[in-house]
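2 protein chains.
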Amino acid sequence: MELPAGFKAGATASGIKPSGKPDLGLLVGDTPLDWAYAATTNLAAAPCVLRGRNLVAADGALRALLVNSGNANCATGAEGVAADLRMADLAAEMLGVEPEAVLTASTGVIGVPLPVEKIEAHLPEIHLSTEIDAFAEAILTTDTRVKLSEQRLPGGARLVGVAKGSGMIHPNMATMLAYLLTDAPLPAGEPRQRWGAVVDGTFNQVTVDGDTSTNDMAVLISSGLARPVPAELFWEAAEAVARDLARQIAADGEGAEKLITVRVAGAASDQEARLAARAVAASALWKAAVHGNDPNWGRILAALGYSGARFEPERCRIDLQKTTIYDGGAVPFNGVALSQAMQAAEVVVEVDLRAGEGTGEAWGCDLTEEYVKINAEYTT
Amino acid sequence: MELPAGFKAGATASGIKPSGKPDLGLLVGDTPLDWAYAATTNLAAAPCVLRGRNLVAADGALRALLVNSGNANCATGAEGVAADLRMADLAAEMLGVEPEAVLTASTGVIGVPLPVEKIEAHLPEIHLSTEIDAFAEAILTTDTRVKLSEQRLPGGARLVGVAKGSGMIHPNMATMLAYLLTDAPLPAGEPRQRWGAVVDGTFNQVTVDGDTSTNDMAVLISSGLARPVPAELFWEAAEAVARDLARQIAADGEGAEKLITVRVAGAASDQEARLAARAVAASALWKAAVHGNDPNWGRILAALGYSGARFEPERCRIDLQKTTIYDGGAVPFNGVALSQAMQAAEVVVEVDLRAGEGTGEAWGCDLTEEYVKINAEYTT
Numbered sequence: 001m002e003l004p005a006g007f008k009a010g011a012t013a014s015g016i017k018p019s020g021k022p023d024l025g026l027l028v029g030d031t032p033l034d035w036a037y038a039a040t041t042n043l044a045a046a047p048c049v050l051r052g053r054n055l056v057a058a059d060g061a062l063r064a065l066l067v068n069s070g071n072a073n074c075a076t077g078a079e080g081v082a083a084d085l086r087m088a089d090l091a092a093e094m095l096g097v098e099p100e101a102v103l104t105a106s107t108g109v110i111g112v113p114l115p116v117e118k119i120e121a122h123l124p125e126i127h128l129s130t131e132i133d134a135f136a137e138a139i140l141t142t143d144t145r146v147k148l149s150e151q152r153l154p155g156g157a158r159l160v161g162v163a164k165g166s167g168m169i170h171p172n173m174a175t176m177l178a179y180l181l182t183d184a185p186l187p188a189g190e191p192r193q194r195w196g197a198v199v200d201g202t203f204n205q206v207t208v209d210g211d212t213s214t215n216d217m218a219v220l221i222s223s224g225l226a227r228p229v230p231a232e233l234f235w236e237a238a239e240a241v242a243r244d245l246a247r248q249i250a251a252d253g254e255g256a257e258k259l260i261t262v263r264v265a266g267a268a269s270d271q272e273a274r275l276a277a278r279a280v281a282a283s284a285l286w287k288a289a290v291h292g293n294d295p296n297w298g299r300i301l302a303a304l305g306y307s308g309a310r311f312e313p314e315r316c317r318i319d320l321q322k323t324t325i326y327d328g329g330a331v332p333f334n335g336v337a338l339s340q341a342m343q344a345a346e347v348v349v350e351v352d353l354r355a356g357e358g359t360g361e362a363w364g365c366d367l368t369e370e371y372v373k374i375n376a377e378y379t380t
Numbered sequence: 001m002e003l004p005a006g007f008k009a010g011a012t013a014s015g016i017k018p019s020g021k022p023d024l025g026l027l028v029g030d031t032p033l034d035w036a037y038a039a040t041t042n043l044a045a046a047p048c049v050l051r052g053r054n055l056v057a058a059d060g061a062l063r064a065l066l067v068n069s070g071n072a073n074c075a076t077g078a079e080g081v082a083a084d085l086r087m088a089d090l091a092a093e094m095l096g097v098e099p100e101a102v103l104t105a106s107t108g109v110i111g112v113p114l115p116v117e118k119i120e121a122h123l124p125e126i127h128l129s130t131e132i133d134a135f136a137e138a139i140l141t142t143d144t145r146v147k148l149s150e151q152r153l154p155g156g157a158r159l160v161g162v163a164k165g166s167g168m169i170h171p172n173m174a175t176m177l178a179y180l181l182t183d184a185p186l187p188a189g190e191p192r193q194r195w196g197a198v199v200d201g202t203f204n205q206v207t208v209d210g211d212t213s214t215n216d217m218a219v220l221i222s223s224g225l226a227r228p229v230p231a232e233l234f235w236e237a238a239e240a241v242a243r244d245l246a247r248q249i250a251a252d253g254e255g256a257e258k259l260i261t262v263r264v265a266g267a268a269s270d271q272e273a274r275l276a277a278r279a280v281a282a283s284a285l286w287k288a289a290v291h292g293n294d295p296n297w298g299r300i301l302a303a304l305g306y307s308g309a310r311f312e313p314e315r316c317r318i319d320l321q322k323t324t325i326y327d328g329g330a331v332p333f334n335g336v337a338l339s340q341a342m343q344a345a346e347v348v349v350e351v352d353l354r355a356g357e358g359t360g361e362a363w364g365c366d367l368t369e370e371y372v373k374i375n376a377e378y379t380t
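Taken in order, these protein sequences are the chains called A and B.
Per my numbering: the first sequence = residues 1 to 380.
Per my numbering: the second sequence = residues 1 to 380.
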């Protein structure tokens, strides 16, 4: 996929991943880049996240983004902080920009020192081009496929999103890296706040296993080279890209065979709708039921019941794959037909809480034996 | 195991469980019973829980407890409420007591009408004795073994606990039923509040899959036939029995092969210590790592980081099976030896947050392929 105007990207294999797969991605702006940033709330956040927060606070423009996969450089002490700074220095030196204009990111195993000398040795190999695909591949860990999404804006501007996900995916942020790149200027009027709102409704509504990771970030980056776009159109497009990437992350959750989409309407507020949707998408029991094509709506109702959203169980309605299965009480349905309908790439749960006007959506994936296998043997 | 003085119990197979296993348990007091009650906070609570809350509020004595397994009688509408009342009426009629003196409980699948006529037909078969074992077996669902615990009190009084657990186990309450029976009088001075505190530190610290069930209760019941016991001794014994049952429930979680115990010290408060312990015990990634004997402490640190407990990652300490693996940073350890040490029936994580004086404990189990298998095909 082609990058928006003003961006170049490339990648290489530095040897951090024992598999020898690409693990180092570089994204560069031809000119200073405007940006908005959202990152993990985990207290054990990695040096790259702490550094990113400082860069945001300092309000400077970005020139480059350097990402390694295969090692999260988290819980690696003072040495880890130094390694993260070194990453920024190396990219800055090579590109002839200030280190403070280089955002870093690391994803992978926690607690293992980052072999930054491998990055030093292989960074110069990176060939920059106007295609994002090599970068998209280099940021993956246990993902099985690259995650890209695109929206065209009026006047020829574009929004291109790239992300990685897989395990340890849960609000607020996960082992998730997401970058939305655009040549449209960021609209005036608190773009960081608007970006935070987009992230809350999309990336923060993805749950793979309930674990919030230490290294995650969602960054919106603009070269500003295209003509300005009306703010509402811009944010709609940004939300569409973020939503598409969020769905791709959920669908490619570790061991996942199916995407679970949960839409909640009629909640007392949008926030409660999101809470309720997330509880269903995150329920281990419902995730296992989806894996087994089992229309066990009791597990949906139970998850709604402990979600924290206010509603009356004897008033709410639940649809599964467009079939109403609960409406203030059990609704008779053809279990065999519905189980067959669940044998799809996407299982959709729609809930009407009948308690207000709030709506929200969340995405997850089924819980499989493969998830257990992947995560039972990761470091050893 | 023998019941405390003043109690009798028995069980039968009413045919609610298709397997034909015992599924109806009756517990009776020779005289009116004093009691304290804690139940699920799930909004979709079952009729038995709603009725139990009303009985508590009315402050009457208990004479009997009737429990069926195999069907939760939850989300079964007005018919379900009637079925629950009918259970109480049937027991009351047979025993010659008021229906308001009969506590009911149901556990099993949600949303299927309870065939109360089977209870009516088979209740009279129950043979009451001074042994609790048949009752303990009849309340099980996917549990693989009965859960009993006992403490002797000064002066000859006893505390006998019985519980069932398995899936859908998470604070606050789960597919969990727990009854603590004693012939000691409940100590004066807010026994219900004290019981709530015991439940918070024990049953509410068990997590199998993060799902809070609709039907759960932990009830302390006293015949008062023995001599009074000093309050502190009584509550210590009650906590010991509750803790033992909580551990048994976690160890027998669906598909579990190992008990995970997490002890947190040095938290800003006991509440934060419990939060932190629970986050680690509930982490799908850590549960899978325990299954694979993988000393992946990064997952422990990440779970502590998103738990909500306040601490500094560069100050805390983590021990696994008595080996320090993190102390403000990675501590070198023998991975092969530690992986071998994890091949035990119990894996113990001890954390010192070094942020205060709060302590707490939580229990969980490893995440296995078997958990997925059990829950992927439950109703169909």
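Think of the CB as a built atom: it goes at the ideal place given N, C-alpha and C, for glycine as much as any other residue.
These figures come from a predicted structure and were not determined experimentally.
| Check | Outcome |
| --- | --- |
| Is it true that the CB of Leu26/B sits closer than 8 angstroms to the CB of Ala91/B? | yes |
| How would you list, in chain order, the residues of chain A whose beta-carbon sits under 9 angstroms from the beta-carbon of Ile110/B? | Asn296, Trp297, Gly298, Arg299, Leu301 and Ala302 |
| If we ignore side chains and look at the alpha-carbon of each, how far apart do Thr142/A and Gly108/A end up? | 9 angstroms |
| Is the number of C-beta pairs between the stretch 319 to 330 of chain A and the stretch 278 to 286 of chain A that are closer than 8 angstroms three or more? | no |
| Check this for me: beta carbons of Arg145/A and Val97/A, under 8 angstroms apart or not? | no |
| Taking a Cβ distance cut-off of 9 angstroms, strictly less, list which residues of the stretch 36 to 70 of chain B are near chain A, in chain order. | Thr40, Thr41, Asn42, Leu43, Ala44 and Ala45 |
| Just the Cα atoms here: how many angstroms apart are Arg310/A and Gly15/A? | 51 angstroms |
| At a CB distance below 8 angstroms, what residues from the stretch 358 to 370 of chain B approach chain A? Give them in sequence order. | Leu367, Thr368 and Glu369 |
| I want to verify the contact list: residues of chain A whose CB lies under 8 angstroms from the CB of Phe311/B, in sequence order. | Leu43 |
| Verify the CB distance criterion: does Gly292/B have a CB-CB separation below 8 angstroms to chain A? | yes |
| Can you have a look at Asn54/A and say buried or exposed, based on whether 16 or more other CB atoms are within 10 angstroms of its CB? | exposed |
| Strictly below 8 angstroms CB to CB, what residues from chain A border Val372/B? | Ala288, His291, Leu367, Thr368, Glu369, Tyr371 and Val372 |
| Once DSSP output is grouped into helix, strand and coil, what is the label at Lys373/B? | helix |
| Among the residues of its own chain, which have a CB less than 7 angstroms from the CB of Ala231/B, if the five just before and after it don't count? | Pro187 and Gly189 |
| With a threshold of 8 angstroms between beta-carbons, can Ala330/B be considered close to chain A, or not? | yes |
| Leaving aside the five residues before and after Ala218/B along the sequence, list all residues of the same chain whose C-beta is less than 6 angstroms from its C-beta, in chain order. | Ala38, Ala178, Val199 and Phe203 |
| Can you pull the chain A residues whose beta carbon is under 7 angstroms from the beta carbon of Thr214/B, in chain order? | Ala302 and Gly305 |
| If I measure Cβ to Cβ from Leu181/B and keep anything under 7 angstroms in the same chain, skipping five residues before and after, which residues do I get? | Leu3, Pro4, Phe7, Val160 and Ile221 |
| Do you know whose CA, among Ala58/B, Thr104/B, Leu65/B and Ala256/B, lies nearest Gly80/B's CA? | Thr104/B |
| Considering only their Cβ atoms, is the gap separating Val351/B from Ala276/B smaller than 8 angstroms? | yes |
| Could you name the residues of the stretch 239 to 250 of chain A whose beta carbon sits closer than 7 angstroms to any beta carbon of chain B, in the order they occur along the chain? | none |
| Specify whether the stretch 330 to 341 of chain A and the stretch 254 to 270 of chain A touch according to this definition: at least 3 beta carbon pairs, one from each stretch, less than 8 angstroms apart. | no |
| Does the structure place the stretch 260 to 274 of chain B close enough to the stretch 45 to 54 of chain A that three or more beta carbon pairs sit under 8 angstroms? | no |
| Mapping DSSP to helix, strand and coil, what is Ala38/B? | strand |
| Which one or two residues does DSSP pair with Cys365/A in a beta bridge? | Leu259/A |
| Would you tell me roughly how many angstroms separate the C-alpha atoms of Ala197/B and Arg51/A, rounded to the nearest one? | 42 angstroms |
| Can you tell me which residues form a DSSP beta bridge with Asn71/B? | Thr107/B and Val109/B |
| Strictly under 8 angstroms for the Cβ-Cβ distance: is Gly266/B near chain A by that measure? | no |
| Whose C-alpha, out of Ala82/A, Ala138/A, Gly156/A and Thr41/A, is nearest the C-alpha of Leu65/A? | Ala138/A |
| I'd like to know whether the C-beta of Ala277/B is nearer than 8 angstroms to at least one C-beta of chain A. | no |
| My guess is that Asp34/B and Gly224/B are in contact by the Cβ rule of under 8 angstroms, so how many angstroms apart are they, rounded? | 6 angstroms |
| Would a check of beta-carbon distances place Ala75/B closer than 8 angstroms to chain A? | yes |
| Since I believe Leu153/A is in contact with Ala237/A (beta carbons under 8 angstroms), could you give me their beta-carbon distance rounded to a whole number of angstroms? | 6 angstroms |
| Just grab the DSSP bridge partners of Gly161/B for me. | Ser149/B and Leu180/B |
| Roughly how far, in whole angstroms, is the beta-carbon of Ile119/A from the beta-carbon of Asn68/A, given that I think they are within contact range, below 8 angstroms? | 6 angstroms |
| Just to check my reading of the structure: Ile300/B and Asp366/B have Cβ atoms closer than 8 angstroms, yes? What is that Cβ distance to the nearest angstrom? | Contact flag wrong, Cβ pair sits at about 14 angstroms. |
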